[in-house]
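Residue numbers (this note's numbering), protein chains in the order written: chain A, 1112 to 1195; chain B, 193 to 721.
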């Protein structure tokens, strides 16, 4: 099965700090939320992107990765979960 | 534990209360009287969920519903599908997003307000975590939901999972595992978040050990029984299920379903599936937490094992058996149906169980062929890390981490037998699973059936095929992971009921301690002589 890519990104910053994360996200047009269980990891989401696409959003990924404040950006794959 | 059903008097004016047979079964909808969660006893003792918050990870909650609004915890709620603090369900004309609202009502619907029915923990608070209503789930959304407000939310209830189509093998991904580990270690001020999971709706075609959420040690997975004590047709069986609650009946009686709140201020009599079972358990655990807020995530599992009852649960295929320390279990129902009254009474006096250790009991790494007929039988002899810091003497969870390929994955059967002779069915036939490429890659099959046993000795793994055509397979790895305590978990517990599982287990532990003391004395005398 071909993977599906979503408008959610896992982003790791070089320097941990919510203020910096907010600024980085805003500059790139993303919303942001800190992941409470891990240091330096943030959830970036982009409301202008399709919620599910067959192709990676390479433009956004590269844009994020070019930012020197960002250590890593990973676009999240989508998968099925069902109500029981 | 016998109570005359006619002597119990609960005054609730909620119109659906008399239809909530799973709370108080007087034989409604052709059910079996007494086959219920025994919440009446817990309520009579004064436990109604006060001070406890349950998070419903689902498609949202109708927090304006008059039966939920009072108990809604807005501060602990969030909408991860829309990124805002208002987890209200998205409207569809078929009311598809009623699932979370129905689950929430089972736990926290207010009592005696003349609306719908009553929640199991009707004075608890409920938080909405909207995360299920989106085209695709992501690891980051699951992880965020599971780790949302772990100091405000005590219990997380999940009535979802990978597709129960009988051919999926899937579970939590990396971030979600990290979040769950963080939750059990740091949530609730270090006592651990409690994750309750619906065991799955795939029926006899599926096996809940192929669902990594339900089979996780960090979740309490809950199966369901119907109102006459049989298993529901959609119930899956597996060795990781810890206990059961109730869901709708097989009969077409419209009142045999689970009565709860529904969207837009409505009520329903028709909530069903193992989805309906997990929130009932979350409610019972909320009552136990009110009785003792110091309970850890592991204490809750011990209490579940010790207080769940066989009651009148029965199944033609899977019979009740006793494990090596005498605890009665069933492959479908786990340790039985939750008993809220027994649980709060035991919780009240409960002393936190000793520290948990992990031991790699051994590993088979050489590839072994699984024959088309007969079985591949492997053994591992372990001392459970005795003599080391991480010695595990009293088992809690046991995992068999297995890498195996087969020409037809669904025909593969895996059983594991403990040194004390308890056989766990780790994987049963899934006729729809025709995978021949992926197999299981370091998949952690889990069993709770050896709870309390001594891990030392020889473990046996049997792999074989059941199906119409001959198949071939290759086992590449079997690693035995033992989890439990070094010291006796029940020896310091207060026993109030001398017929209880706790009394039996404590007696065994005392006898073992005595034997060991005598042994030590004898050796000391022998050395002196």
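Positions of the beta carbon are idealized from the N, C-alpha and C atoms, including for glycine.
Item to complete: Please say whether residue 432 of chain B and residue 416 of chain B have beta carbons closer to each other than 8 angstroms?
Response: Counted from its first residue, the second chain places residue 416 of chain B at position 224. Counted from its first residue, the second chain places residue 432 of chain B at position 240. No, they are not a contact pair.
- Message: Using 8 angstroms for Cβ pairs, my map puts residue 583 of chain B next to residue 1115 of chain A. What's the rounded Cβ distance?
- Response: Here the question's residue 583 of chain B lines up with position 391 in the second chain. Here the question's residue 1115 of chain A lines up with position 4 in the first chain. Not confirmed; about 46 angstroms, so no contact.
ask   = Using CA coordinates, which residue listed in B:401, B:343 and B:396 is at the minimum distance from residue 378 of chain B?
value = One-based indexing of the second chain puts residue 378 of chain B at position 186. Checking every option, the nearest Cα to that of residue 378 of chain B belongs to B:343.
Taking residue 375 of chain B as the reference, which of B:407, B:337, B:395 and B:393 has the closest Cα?
Sequence index remark: in the second chain, residue 375 of chain B carries index 183 (1-based). Closest in alpha carbon position to residue 375 of chain B, among B:407, B:337, B:395 and B:393, is B:337.
| Hey, out of B:688, B:444, B:472 and B:577, whose CA is closest to residue 462 of chain B's CA? | Here residue 462 of chain B corresponds to residue number 270 of the second chain, with the count starting at 1. Closest option to residue 462 of chain B, Cα to Cα, is B:444.
Problem set entry | Contact list for the stretch 335-355 of chain B against chain A, Cβ threshold 7 angstroms | Those residues of the stretch 335-355 of chain B that come within reach of chain A (Cβ to Cβ, closer than 7 angstroms) are 335, 336, 339, 351, 352, 353, 354 and 355.
Item to complete: Mind checking which residues open and close the alpha helix (DSSP H) that includes residue 706 of chain B?
Response: Residue numbering aside, residue 706 of chain B sits at position 514 when the second chain is read from its first letter. That run of the alpha helix (DSSP H) goes 693-720.
| Through-space distance from residue 360 of chain B to residue 671 of chain B, alpha-carbon basis | On the second chain, position 479 is the one that residue 671 of chain B refers to. On the second chain, position 168 is the one that residue 360 of chain B refers to. For residue 671 of chain B and residue 360 of chain B, the distance between alpha carbons rounds to 23 angstroms.
ask   = Tell me which same chain residues have a C-beta within less than 6 angstroms of the C-beta of residue 1119 of chain A, skipping the five on either side of it?
value = Looking up residue 1119 of chain A in the first chain gives position 8. Cβ neighbours of residue 1119 of chain A beyond the five flanking positions: 1156 and 1187.
What number of angstroms, rounded off, separates the C-alpha of residue 537 of chain B from the C-alpha of residue 531 of chain B? Position 345 of the second chain, counted from the start, is the residue given in the question as residue 537 of chain B. Position 339 of the second chain, counted from the start, is the residue given in the question as residue 531 of chain B. Rounded to the nearest angstrom, the two C-alpha atoms are 10 angstroms apart.
Please state whether the Cβ-Cβ distance between residue 653 of chain B and residue 608 of chain B is less than 8 angstroms. Walking along the second chain from the start, residue 653 of chain B turns up at place 461. Walking along the second chain from the start, residue 608 of chain B turns up at place 416. Yes.
**Asked** Cβ atoms of residue 313 of chain B and residue 478 of chain B: under 8 angstroms apart, would you say?
**Response** Numbered from its first residue, the second chain carries residue 478 of chain B at position 286. Numbered from its first residue, the second chain carries residue 313 of chain B at position 121. Yes, the Cβ-Cβ distance between residue 478 of chain B and residue 313 of chain B is below 8 angstroms.
- Query: Can you give, in chain order, each stretch of the beta strand (DSSP E) that sits fully within the stretch 274-350 of chain B and has at least 3 residues?
  - Reply: 317-322 and 347-350
**Report entry** Check whether residue 520 of chain B and residue 229 of chain B have beta carbons under 8 angstroms apart
**Finding:** Taking the first residue of the second chain as position 1, residue 520 of chain B is located at position 328. Taking the first residue of the second chain as position 1, residue 229 of chain B is located at position 37. For residue 520 of chain B and residue 229 of chain B, no; Cβs fall outside 8 angstroms.
### Query
Do residue 211 of chain B and residue 353 of chain B have their C-beta atoms closer together than 8 angstroms?
Counting from 1 along the second chain, the entry for residue 211 of chain B is found at position 19. Counting from 1 along the second chain, the entry for residue 353 of chain B is found at position 161. No; because the gap between Cβ atoms is not below 8 angstroms, this pair is not in contact.
For residue 517 of chain B, is the classification buried or exposed, using 16 other Cβ atoms within 10 angstroms of its Cβ as the cut-off for buried?
-> Within the second chain, the letter at position 325 stands for residue 517 of chain B. The residue in question, residue 517 of chain B, is buried, as its Cβ has 16 or more Cβ neighbours within 10 Å.
Work out the CA separation of residue 306 of chain B and residue 263 of chain B for me, nearest whole Å. Locating residue 263 of chain B in the second chain gives position 71, counting from the first residue. Locating residue 306 of chain B in the second chain gives position 114, counting from the first residue. Residue 263 of chain B and residue 306 of chain B: Cα-Cα distance of roughly 15 angstroms.
Looking at the strands, I want to know which residues DSSP matches up with residue 665 of chain B. As a first step, residue 665 of chain B must be located in the second chain, where it is residue number 473. DSSP, once it has assigned bridges, lists B:562 and B:598 as partnering residue 665 of chain B.
- For residue 676 of chain B and chain A, any beta-carbon pair shorter than 8 angstroms? Taking the first residue of the second chain as position 1, residue 676 of chain B is located at position 484. In terms of beta-carbon proximity, residue 676 of chain B stays away from the interface with chain A, with every pair separated by 8 angstroms or more.
**Study point:** Beta carbon of residue 674 of chain B nearer than 8 angstroms to that of residue 590 of chain B
**Key:** Reading the second chain from its first residue, position 482 is the one you call residue 674 of chain B. Reading the second chain from its first residue, position 398 is the one you call residue 590 of chain B. Yes, the pair counts as a contact, with Cβ atoms nearer than the cut-off.
Fill in: Spatially closest choice to residue 697 of chain B from B:450, B:491 and B:586, by CA coordinates
As a position in the second chain, residue 697 of chain B is number 505, starting the count at 1. Per the Cα distances, B:586.
query: Between residue 624 of chain B and the rest of its own chain, which residues show a CB-CB distance below 7 angstroms, the 5 nearest in sequence each way excluded?
result: By 1-based counting over the second chain, the position of residue 624 of chain B is 432. Excluding positions up to five away in sequence, the list reads 357, 358, 359, 397 and 602.
Worksheet item: Taking Cβ-Cβ distances below 8 angstroms as the criterion, which residues of the stretch 297-331 of chain B are in contact with chain A?
Response: In summary, the residues of the stretch 297-331 of chain B whose CB is separated from some CB of chain A by less than 8 angstroms are 324, 326, 327, 328, 329, 330 and 331, in the order they occur in the chain.
Mind listing, in chain order, the continuous beta strand (DSSP E) runs of no fewer than 3 residues lying wholly within the stretch 522-579 of chain B? Taking only runs of at least 3 residues, the beta strand (DSSP E) segments lying wholly in the stretch 522-579 of chain B are 548-556, 560-562 and 567-574.
Closer than 7 angstroms, Cβ to any Cβ of chain B: which residues of the stretch 1160-1184 of chain A, in chain order? 1162 and 1163
So with Cβ pairs under 8 angstroms, would you call residue 691 of chain B a contact of chain A?
By 1-based counting over the second chain, the position of residue 691 of chain B is 499. It does not: the Cβ of residue 691 of chain B has no partner Cβ on chain A nearer than 8 angstroms.
**Message:** Suppose you measure from the CA of residue 552 of chain B to the CA of residue 676 of chain B; what does that come to, to the nearest Å?
**Reply:** Counting from 1 along the second chain, the entry for residue 552 of chain B is found at position 360. Counting from 1 along the second chain, the entry for residue 676 of chain B is found at position 484. Residue 552 of chain B and residue 676 of chain B: Cα-Cα distance of roughly 12 angstroms.
Using a C-beta to C-beta distance shorter than 8 angstroms, which residues of chain B count as neighbours of residue 1193 of chain A? Within the first chain, residue 1193 of chain A is the residue found at index 82, counting from 1. The contacting residues are 352, 353, 354, 355 and 356.
**Q.** Delimiting residues of the alpha helix (DSSP H) encompassing residue 378 of chain B
**A.** Residue numbering aside, residue 378 of chain B sits at position 186 when the second chain is read from its first letter. Residues 366-378.
query: Just by C-beta distance, which residues in the stretch 1118-1143 of chain A are closer than 9 angstroms to chain B?
result: 1119, 1120, 1121 and 1142
For this session: In the DSSP assignment, find the beta strand (DSSP E) that holds residue 388 of chain B and state where it starts and stops.
Result: Counting from one through the second chain, the residue named residue 388 of chain B turns up at place 196. It spans 386-390 - the beta strand (DSSP E) in which residue 388 of chain B sits, taken as one unbroken run.
Spell out whether any CB of chain B is found under 8 angstroms from the CB atom of residue 1151 of chain A. The count along the first chain starts at 1 and reaches residue 1151 of chain A at position 40. No - not a single Cβ of chain B is within 8 angstroms of the one on residue 1151 of chain A.
* **Endpoints, alpha helix (DSSP H) assigned at residue 491 of chain B** => Within the second chain, numbered from 1, the residue matching residue 491 of chain B stands at position 299. That run of the alpha helix (DSSP H) goes 489-499.
**Boundaries (first-last residue) of the alpha helix (DSSP H) holding residue 581 of chain B** = By one-based count along the second chain, residue 581 of chain B stands at place 389. Segment: none, residue 581 of chain B is in no alpha helix (DSSP H) and carries neither H nor E.
Next on the checklist: Restricting to Cα atoms, I'd like to know which of B:273, B:341, B:458 and B:685 is closest to residue 208 of chain B.
Outcome noted: Counting from 1 along the second chain, the entry for residue 208 of chain B is found at position 16. For residue 208 of chain B, the nearest C-alpha among the options comes from B:458.
Using the DSSP secondary-structure output, state which residues sit across from residue 608 of chain B in a beta bridge. Within the second chain, numbered from 1, the residue matching residue 608 of chain B stands at position 416. For residue 608 of chain B, which the question treats as bridged, DSSP gives the partners B:616 and B:653.
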